[in-house]
Each structure stands twice: as structure tokens, then as C-alpha cells.
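These notes are about the structure you will find just below.
Chains as they are written, first to last, in our numbering: chain B, 144 to 396; chain Y, 547 to 724; chain U, 888 to 1245; chain D, 222 to 612.
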């Protein structure tokens, strides 16, 4: 027969344990103190936030290396505008659920290292106040040009063009991507490398096939020259099937 | 010297409280000024070194009776509503005469009663009479029967009030889901 | 009790007619959070409306995604790989834990205990949300499931972290029960309040913990055996002879948390390596058909009804929101109770306005 | 004007006006920190001296918080709702503060700097100090009603009505449990009650004293609208009860009034049950009495804060039935037991300890059993239920 009011006493024992525990056991006190900073230091536009190198506004903000917030455009090493990956194919603009991306294709093509010249986005705006960080654009982009950034402190005094990130603000380097999302960046680069290797292998195979054909053709010509007295048997060698450049670009749409 | 000034202040508070209690149009204001009157009265009792009666004055009148009147006003919405009808007194002339005569009838005997305080020892005696311990002893020994009868009377009144309020039928009337 | 009354969970209004303190009539008014979810879904592709399902019942986004994924998979008969099924069950049960502890926290907060149980609940919820963040990238709006599997595999070390969370959870639950379950004040405040009889619950279409609290042994995980629930041995608590009041609903949720931990243990033991994404095509363009997929979400039976007309956009996208349907019995439960009870009954139904108004 | 009397009165009252409001400021800080710690968070620590030169800020562990609240309250615009009764809207907080402050001076805090004669300044060491205490705390109910009525808003009216019902019905167990102590001491004078408990024979150590203390403490929680009984200001049901329409300094006055009432009632509890000012060093250095007295008050306040962090709220009708059907019969029974025990002990002195032991165990048993019985009667069908598991 339990003591009268035992339930209440048990409940109070729990709160006492938590009260005392919060001084010793870290488990029972898990609120961090947010570093205080007067708000004159708030930048005017979301874009002016510190560029590169970890990009956290305050050292105390704890962001795990998986969290995603707003998108960013990637460029490989070297001068940003030359090595930008985005080719303004506007797939992400169409697929984006809240329709917050706006792209204008450039009219001239730009030379890309190790690839044929491509278009590049003249303007590439993302309205950060509309974007709901759902990562659909990253999934549908065939060029791994857009990935998710983990910078979330984007408060600005101006509500309209303050929260509109222009191309210049969005463009970030691949090392920065490796710094904030190491695992994901590593997988992505490995996949790109594999695709490139596969393309090389296919191209090499294609060239090998071409040389083999050329050699075969020469051998045939030689054998024809020797045995032009022999009745020419032309086996109908089918025209070498020019494996079109497997361009990821022409996926179905 | 300062007892007299204290007396005049307290008396003034009491009289003003009583006057407002009658004249105020808004009933709730009236009740609160009545409470001011009770407080003034309690102060006067304290001046007479009758602590127990002052305490009972605050406890019973200011504490309980005041709240009961407020409850009564709250529950009868006709009195406090916007369209509460105004009680207009018609026979005010005869009313004052009757009130004055009743006042005189009550006041005159008490005035003769006042013992002519000439020797100070007498006042010391009176003061000792009215301490709580003395009152307690007097209540238990000579007046214990009256105390019990009063207790019975009060409980009967309490039970009567409860049954009247509940209208006789048993506990909470169940509200059916129509 | 106006739309921004402190204890209505979100933007919800109750026109309460009082006679003294007892409620004589009650008219729920909602729709303040209507975001036209179903019409938008008809104008965007199937994949694009997956992130919108996170916003339905913003407390458990994984189960919303799963319900939508099941409905879509019924349209096109995609085969889901083994590891994806296991991860889906793990995520769903973790969401159930999050939902139930937060609900119990809010429920006791309405009772008056100034946020102490709520903050203990949120302390545990933070740990589970960190797991979601590591798996899907976002804490609450995970958008993690796809038709035929998951968007990406969980990072390595995630399963170990999930494992010691599940091992530590019963200790927290014991502490939570010691704080709440025998507390005389909670017992006398919740027992006999807001009773929902068994047949009224069935006729009103109430589902989930509320239905089980009224004495009906009905759990879609057992009925439909969707996903791989048939492989796990777990029990479904329901109250046979009790009257289905606030206390039953509160206790059913506490017991369900224990069952979820059992499932999580078995799932975390049984999972092996393997692909996570089935062979879904690049663009999801189902042949004209209709499908209704439903799961046992922490609030009840959450169903998605899709009609496909061959284009990449759904012809009709309908959500069966459990908390909206459970809300219809609010009036019958509140009549005759006190004002303080009306608040608790609303709390025990566990409504989330995102799902009620869609 | 005889300056002597005025000097005495000032010497006795001014320290009260200094000590208790500062304790109020500290208690708000302690309450927020303690509640925070119970809920695994840090509590206020943002208010501090901004040292702009170092860029950071000197946070005084949140001790700046009461000052910040005070200043905030001063500068907040105080709004009087239209149609409200302006006079009473203003009077209510004042009337809620007067009784709380008035009651403080009856506590037997024998300040060291006052000579013994001054300590019992005639005006305060009344004969009927304890009854005076209850009479004046009764006035607090009026203030609450005035606030509820004057703010013309249905929530505060509901809050006001609840507050009256609660305070009136909890005053009876409060008074009856105090009667136990007054009976054994034989006088109503707070000073005598304190003197009779010197040397560790506090009332709380005797079984009927302990029962009376528990009833007194529960009733004092209800009297000051604290933790399990904070129905008049129930956030979840009626937004902030009777002070919904109050803002700015009037709200601060209500807040101050509530806390000072809390000090006053726990002060009385300490005087009646915990041997006011009596502690290990009290005889040697009389000046320690004040410290002991305030320390015991802080312990009681700590328990109130602890309760506030744990317990949910009662419903109005349960509140009423708890007072009338549980506390009151128990306290009346307690008075009878004290009477019998006192007589039994005094009449047969010769048996000495054995009689005392028998009486104590008997009274403890009777009290506990009646409490269990009453509880069973009141909450017949309220017990934890068991559930079935379907496959």
C-alpha cells in the first residue's frame, strides 16, 4: 500500500536529480551559450557574408558536416568564372518546387578545361527567402554544379534584394565544399572521376577500334596490293559505329 | 496628543467611507467604500486598545462580509448590468426623520453609560479586561453555554444556506449532449 | 479561445459557450494554416511534391514521406531494396518516438507543469533530430525518401550512433514515467475527462492511439503489414475495459514508445549492407492509374490517394490527415467538461495544424 | 509629538522595507535559475555590464536580471483597457501590496540592533498577532477580486472568481492548523510562540505538529497562488488570470505583492512550526536569530520553487474538494489529537517516556490512517490502470 502522495514525491525526486545532475553530468545540461555580438556587425545583403574558409559567422555555431541549408554553385580550382561547372541547362530552374531559381543563359560559349566550350549562366539568382532547402535541384543537376551549403546565418536588415543571392555570392570553390561536407564531397568527386574515367575508357576504346579498323584497312589494302590478282572479296565491313560522345547532356527531356 | 489626532483621522475615514457607501451610484464602489468604513472602525477599536475586537472587525467584516456582498452583487446580473434599474428614493423626507429618531434612541443610553474616568487605575483595570486571554477565559467559563448555542445556530444557518443554494436536488445536474 | 490562445497547438480556435466553468457548446474553427497543398501538388512533378509532404505534419516528416512513397510505389510497382526497407522502418519508429515524447510533453504542459517534462522530452528529441540531420541533411524537413528507396545511404557510424541512442532511451523513459505516471494530480486531472466511447470512435473514423485508447485493437502496421513490419515481433497496447479518456490516450502513447524501441532494436540488428535506391527511372511518369497508400503514422492512419494520367504531374493528390479526422470528435468529448478540461482534451487528441489544414 | 515612539517604529519597520524587497529581487533570480536548472538549461545570464572595449560583456551570472526586469517594468507603457474601472484598476495592485507588507511586521524577527525592549515595540508585539496575521491576509482576496472585476475582461473575471473561491476555502485549514500551535503554547503572541520553541523543541518534531505543518504549508501554497494551486493565473486556460490586463509597473506591484505574501506566510510557518530564530548558535549570539529566521524562510521558498518546477495544476472543483473534504477534516482531527495528547502527557508525568512514545505513535497512526481513508473516499476510482496488448 503505497504512501499517500507517493507519486508526487517520486516526481519531485526526478526533478531534484535533474537539478543536481545539471551541475555535474553534461548530459543533463545541453544548452550552449550563443556568442553575443552587437548587431551593427550584420551585413547589408545576405550575399556579403564572409566568403569561403568555413563561412561561419560566429565560432560557436555548431553545424554538423551533413546539414544542408541554401544551395551554392561550384567551380573547380582556378579563376571562378572560367571553371564554373554550371552550363545553364535550366533543369534545376524547372524542377525547383518553390520556383526560387532564375537563370539567364549567356549567348557566347566559354572554353571549359578538358571539355568542349559550353554556355554559362549570365545571371543565376536564388531567392533565399523562397528557397526551402529541399535539395531537389542538387538531385536533378546532371553536372554536379549545384550543391547545398551549410551557412544558415543569413539575416539582413533588407527583406527584398537583401535575401536575393546573385551568381557572385553563390559561387564557391570545390575545396570549400570539401571543407563543409567532407564525405559527400568525396563521394561526388569520386563519382565524377569514375564517369570521366569511363568516358576516357570509351573514347580510348573508340580510338582503339578506329585504329584497329585503320590497321585492318591498311592490312586489307596491302593484302589487296599483293593479291590484287585474287578476286577481291569485300566483306561488307559495316561502317564503324561512331560512338557518339556519350554526353550526359542529352538525357531524356 | 497624538492619540487625539489619530482618533480624528480614523473617525474622518470611517465617516467618509460610510457616506460614500450610501451615495455611490456604482454598487461595487459602494461596497468598497463600506470596507473602508470597516477598516476605519477597526482602527478606532485599536485606539481603544481592544485588540481582539479590532481583529475580529477586520476578519469578519472586512474579510468575509465584504466578499459575500461582492459575490451577491456579482451573481445578480440585473444589479450590475448596464441597464440596471436605478433605485430612486421617494419618501426621502420621512426617511431622514425616522433614521434620526432611531439614531437618538440608540445613542442616548450609551452616552449615559460612559463611566466617568477619573482615576487612572480604573483604566488600567479596563485594559487588562479586554486582552485576548481574558476574553478567552470569560468566554469559556461563564458564557460557555451561549458560545455553544451560537455555534449551533451558525452551523444550522450554514446548512440552510447550502441546501437553499443547491435548490434541493442532488449534486451537479448532468448536461446531456443533445 | 482565440486563434493565438497559448494552449491551442498552433492556429486553432474554439468557440466555447460557458455556463460558469462548464462547457455547454464548442465549435472548433480552423483553416488558418491552409496552404493549398493538394492543388499545388497537381501542378508540379511527383518528385517535387515530396518536400511538401514534410510540411504536412511537421513533427514527423519521415512518416509523411513514407506514406507518399508507398502510394507512388503502388502506382508503378517499383521494387524497393532490402536495406532501404530496413532504414525506412528505423526512421519511422524514430519519428514515432519523437512525436510521442513531444506530445506527452505538450499534454502535461497544458496540465500546468511549467514545461519541465516538455524540456526533458525536447532534450531527447534533439538527439533523434541530430540522427535525422546526419542521415538526410535537415533536422525536421528531411525529404529523405524517394520512390523505390532512399535519396542517399546513411553515413557510416550512423547505425552505431542510432544503436546507443536506442539503448539509452529506456532509461530516459523510466525517468519520464516516474515523473508523470503515478503523479496523483495528473491522475485525478485526466481520468474521466474527455471520454470517447468505442462505437463513437469507430463511427467517427478516429484512428491511431486515440482509437486504441477507446478499446479497439487496430494498428495498420499489423493490419496491412506494409514494408517489412511482418518480420518484427512487437505488441500493440490498447485499453480493453477502460473508458477511453485522456488518461488512456496518455498511457497508450507511453506504452507505444516502449514497443517502438523493441522494433528499433530488431531492425538495427537485422540491417545489412546493400543498395539503397531501387531501379526507378530518371523521370517518374506513371501510366494512368490510381492508388491509395496508407501507413500507421504516430497520429493515426495517414493515407495518400494519387490519380495518375500518364503525365509527370499527378491528376489528383489527396491526403487523408489523421489529426483532422480525430478532431471531429472534439465537440462530443468536451461538452459537459470544465474549461480547463477542454484544453487538455484538445491536447490529448494531438493535432498538428499543418496536417489539419493542409 | 513624542519622537521616541516614532524612532522605535521607524527602527523596527525600515529594515523590513529594506530586507524583504531585496530578498524579492534575489528570489526572482533564484527562481528563474533554479527552474532553468531543473529543466536542464542555464537560466538568465545575458544581462550584464557591456564592456564595449573588450567587445564581450561581463555577464554577472544573470544577477543583473532582477534589475533589468525592474527597469523594464518601469518603462513599459501601462495600458488600462477601455470600459475598465480606472480607479479600481489602479487601486488593486496597491491593495494587494498593503496587506503583504503590513503582515511582515508581526514576524518575530528580533533584529540584533534593536534592544530587547524596542524589539517588542508595543505596536507590533500584539497580543493577538496570529489572528491579526490571518485577518490581514484575508484582505488580499479583495485585491484579487478588484483586479479581476476592474479589468472588464472575461479571462480576468474568471481568474478573479477562482482566486476568491480558492483563498476563502484555504483560509480555514490555514487557521485551523495554526490553532494547534496556539493551543499548546497557550498564547497568540508571536514572540511567546517563538520563545516557547527555543532549544530545538520545535513544533514540527511532534507528530501533530508535523501534520499541522504539512497542512499549513499546503494551505499557504494555495493562499499565495503558488505551484499546484496557481489556478487564478493559469496560463493554459485563462491566459494570466486576474492580472491579464496589467502591464508596466502595476504588474510589477502585483508580482512584488505575491512574493512578499509568500515571504510573510512562510515567515509565519517558520514562527509557528520551525522555531523562529532558534538554531545551533542562537543562544550564544542572539544576533544569529535573524539569520536563522531568514535561512528557514529561504528553505521554504526553495521547496515552493521546487514544487513549481514539478507539479501540474489542479482543477477548480478538485481544488475545492481537496480543501473542504481533505484538509479541513484532517486539521480538525489534528486539533482533537493535540488536545488529548497534551492532557495525557501532562496528567501522568510519572511514566515519563513510555507514555510519550505511545501517544506519539498512536497519534501518528490515527493521522495517517484518516488521511489515507479520506484520500480513498475522495478519489475512489482514481488509480493507475493496466492495459492489454493485442497481437
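Ideal Cβ placement from N, Cα and C applies to all residues, glycine included. As the structure is a computational prediction, the values presented were derived from the model and not from experiment.
As a quick exercise: from the options, pick the residue whose alpha carbon is nearest that of residue i.
i, options, result
"residue 514/D", "226/D, 240/D and 234/D", "240/D"
"residue 583/D", "559/D, 570/D and 321/D", "559/D"
"residue 335/B", "346/B, 287/B and 299/B", "287/B"
"residue 1160/U", "941/U, 899/U, 1153/U and 969/U", "969/U"
"residue 955/U", "1227/U, 1198/U and 937/U", "937/U"
"residue 462/D", "350/D, 309/D, 369/D and 569/D", "369/D"
"residue 212/B", "242/B, 240/B, 319/B and 294/B", "294/B"
"residue 1007/U", "372/D, 380/D and 259/D", "259/D"
"residue 306/B", "162/B, 226/B and 188/B", "188/B"
With DSSP collapsed to three states, give me the class of residue i.
i, result
"residue 960/U", "helix"
"residue 575/Y", "helix"
"residue 966/U", "coil"
"residue 972/U", "helix"
"residue 1178/U", "strand"
"residue 1183/U", "strand"
"residue 901/U", "strand"
"residue 594/Y", "coil"
"residue 295/B", "coil"
"residue 255/B", "strand"
"residue 302/D", "coil"
"residue 270/B", "strand"
"residue 315/B", "strand"
"residue 1000/U", "coil"
Note the first and the last residue of the continuous alpha helix (DSSP H) segment covering residue i.
i, result
"residue 344/B", "325–369"
"residue 228/B", "Unbroken run through residue 228/B: none, as it is neither H nor E."
"residue 353/D", "350–371"
"residue 550/D", "549–568"
"residue 166/B", "149–167"
"residue 509/Y", "With chain Y covering only 547 through 724, there is no way to say anything about residue 509/Y."
"residue 1125/U", "First-last for residue 1125/U: 1123–1125, but that is the beta strand (DSSP E), not the alpha helix (DSSP H)."
"residue 376/D", "375–406"
"residue 924/U", "924–930"
Between which two residues does the beta strand (DSSP E) carrying residue i extend?
i, result
"residue 261/B", "258–261"
"residue 290/B", "289–291"
"residue 916/U", "909–916"
"residue 1204/U", "1201–1207"
"residue 248/B", "244–248"
"residue 609/D", "609–611"
Just to check, is the beta-carbon of residue i closer than 8 Å to a non-hydrogen atom of the ligand NAP?
i, result
"residue 591/D", "The ligand NAP is absent from the structure shown, which contains no ligands of any kind."
Three CB pairs or more closer than 8 Å across the stretch 305–321 of chain D and the stretch 349–368 of chain D: Verdict: yes, contact present.
Any C-beta of chain B within less than 8 Å: which residues of the stretch 534–567 of chain D qualify? From the stretch 534–567 of chain D, no residue has a Cβ closer than 8 Å to chain B.
Any chance the stretch 1055–1069 of chain U sits against the stretch 152–172 of chain B, with 3 or more Cβ pairs inside 8 Å? The stretch 1055–1069 of chain U makes contact with the stretch 152–172 of chain B: 3 or more CB pairs, one atom from each, lie closer than 8 Å.
If contact is defined by three or more beta carbon pairs under 8 Å, each pair taking one atom from either stretch, is the stretch 1027–1043 of chain U in contact with the stretch 1184–1203 of chain U? When C-beta atoms of the stretch 1184–1203 of chain U are compared with those of the stretch 1027–1043 of chain U, fewer than three pairs fall below 8 Å, so the two segments do not count as touching.
Near-chain U residues of the stretch 236–268 of chain D (beta-carbon distance less than 8 Å), N- to C-terminal order: Residues passing the 8 Å Cβ filter: 256, 259, 260, 261 and 262.
Meets three-Cβ-pair contact criterion under 8 Å: the stretch 1193–1205 of chain U and the stretch 1168–1183 of chain U: Three or more beta-carbon pairs drawn from the stretch 1193–1205 of chain U and the stretch 1168–1183 of chain U are found closer than 8 Å, and the two stretches are therefore classed as touching.
Could you tell me whether the stretch 1006–1026 of chain U touches the stretch 1070–1077 of chain U, using the rule of 3 or more Cβ pairs below 8 Å? At 8 Å Cβ cutoff, the stretches do not touch.
Please confirm if the stretch 374–394 of chain D is in contact with the stretch 543–559 of chain D, defined as three or more CB-CB distances below 8 Å between the two stretches. The count of Cβ pairs closer than 8 Å, one atom from the stretch 374–394 of chain D and one from the stretch 543–559 of chain D, reaches three, so the stretches are in contact.
For the pair the stretch 1126–1140 of chain U and the stretch 940–955 of chain U, tell me if three or more CB-CB distances fall below 8 Å. Flag = no, the stretch 1126–1140 of chain U and the stretch 940–955 of chain U do not touch.
Specify whether the stretch 418–427 of chain D and the stretch 519–534 of chain D touch according to this definition: at least 3 beta carbon pairs, one from each stretch, less than 8 Å apart. Taking 8 Å as the limit for Cβ pairs, the verdict is that the stretch 519–534 of chain D does not touch the stretch 418–427 of chain D.
Hey, is the stretch 1046–1063 of chain U in contact with the stretch 1099–1118 of chain U, meaning 3+ C-beta pairs nearer than 8 Å? Between the stretch 1046–1063 of chain U and the stretch 1099–1118 of chain U, the count of C-beta pairs closer than 8 Å stays below three; the two stretches do not touch.
Using a Cβ distance threshold of 8 Å, determine whether the stretch 994–1004 of chain U contacts the stretch 252–267 of chain D, with at least three qualifying pairs required. The answer is yes - the stretch 252–267 of chain D touches the stretch 994–1004 of chain U, with three or more Cβ pairs under 8 Å.
Any contact between the stretch 587–598 of chain Y and the stretch 548–567 of chain Y? By contact I mean 3 or more CB pairs, one from each, below 8 Å. Contact between the stretch 587–598 of chain Y and the stretch 548–567 of chain Y is present, because at least three Cβ pairs lie under 8 Å.
Assess, as a yes-or-no matter, whether the stretch 424–444 of chain D is touched by the stretch 571–588 of chain D under the definition of 3 or more beta carbon pairs within less than 8 Å. Segments in contact, yes.
Can you list, in chain order, the residues of the stretch 915–948 of chain U whose Cβ is nearer than 9 Å to any Cβ on chain B? So the list reads 927, 931, 932, 934, 935, 936, 937, 938, 939, 941 and 942, given in the order they occur along the chain.
Can at least three beta-carbon pairs, one atom from the stretch 1203–1218 of chain U and one from the stretch 905–915 of chain U, be found at a separation below 8 Å? Yes, since at least three Cβ pairs between the stretch 1203–1218 of chain U and the stretch 905–915 of chain U fall closer than 8 Å, the two stretches touch.
When you compare the stretch 1018–1038 of chain U with the stretch 1138–1154 of chain U, are there three or more beta-carbon pairs, one atom per stretch, that lie closer than 8 Å? Contact check between the stretch 1018–1038 of chain U and the stretch 1138–1154 of chain U: fewer than three CB pairs, one atom from each, fall below 8 Å, which does not count as touching.
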